[in-house]
Amino acid sequence: MRTPSRGFTLMELLVVILILGTLMAVLLPRIFATRLSAERSQCQGIIGQLATIAKTYETDAGDYPPDDLGAFPGRLRLSHNGENDGIEAYVAALATSGSSSCMRLLDDMESQGLLGNTDNDKAGGVIGALQRRDQMEILDPWKNPFAYFHHRDYRKPQTIHMSDGSLQLVRPVENPATGGFMEPRRFQILSAGPDGKFGTGDDVGNFQMPGED
Ligand SMILES: [Ca+2]
Ligand SMILES: [Ca+2]
Ligand SMILES: [Ca+2]
């Protein structure tokens, strides 16, 4: 009579591999979906913070932060390379506002690693309380800059310098119900979402995207 082998037989190994493979196939998509959902919530949370501070800024300064680097005094010597202008102007407005709540927001973004400079541009001098020459942007959870539009500039598309080095032309989101723009009297803050492309269904904004439930 044969004595039973102490090791795994080939058949047992195959069964174990099959079970592990099935578990991975079931669990991995769920893990990815959970992560994606957490990142989307984080993105919505950041946009909520940016929108709240834009309103605080408006209460103090009489207008929302500009999206145009030409709006700042020449002594700031901001660089105009035509990339990330809107969100750079937003950051520069907060940094030069003298408001502690504006600075707190920038500090908060910095501590989360969400203050970046994807186009690597520098001003001629330091930008207010930022205390550096880098013209920073605020980044979404996928490390791409947000696009920020003041309502008066909704007809001007902006170029965003993505984290992979590519450039994307971004336009504010239109409202199919009115034929105008979403947030017609305020501003739009847009994230390209997890796919890293503006203008697709997974984009996130400071309003309910058209076609979203
Ligand atoms: Ca720039
Ligand atoms: Ca920059
Ligand atoms: Ca997208």
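Here this note's numbering is used: the first residue of the sequence shown is 959, the next is one more, and so on.
We put the beta carbon where it would ideally sit given N, CA and C, even for glycine.
Predicted, not measured: the structure shown is a model, and the values here were computed from it.
- Query: Beta carbon of M1067: closer than 7 Å to some heavy atom of ligand 2?
  - Reply: no
- Cα-Cα, which of T1158, E1095 and G1169 is closest to L1052? E1095
- Go through its chain and collect everything with a Cβ distance to P1134's Cβ below 7 Å, but skip five positions before and after it. P1168
- Less than 8 Å separating the beta-carbons of L1073 and F1104? no
- Going by CA-CA distance only, name the one from G1044, K1080 and L972 that's closest to R1110. G1044
- Spatial neighbours of L994 within its chain, please: CB distance less than 8 Å, with the 5 preceding and 5 following residues excluded, ordered by chain position. P1152
- Item | CA-to-CA distance, L985 to A1029, given in whole angstroms | 51 Å
- Through-space distance from Q1116 to A1050, alpha-carbon basis: 17 Å
- Task: Answer yes or no: do M1140 and F1165 have a C-beta to C-beta separation smaller than 8 Å?
- Result: yes
- With a cut-off of 8 Å, do at least 3 Cβ pairs link the segment 1155–1165 to the segment 1061–1078? no
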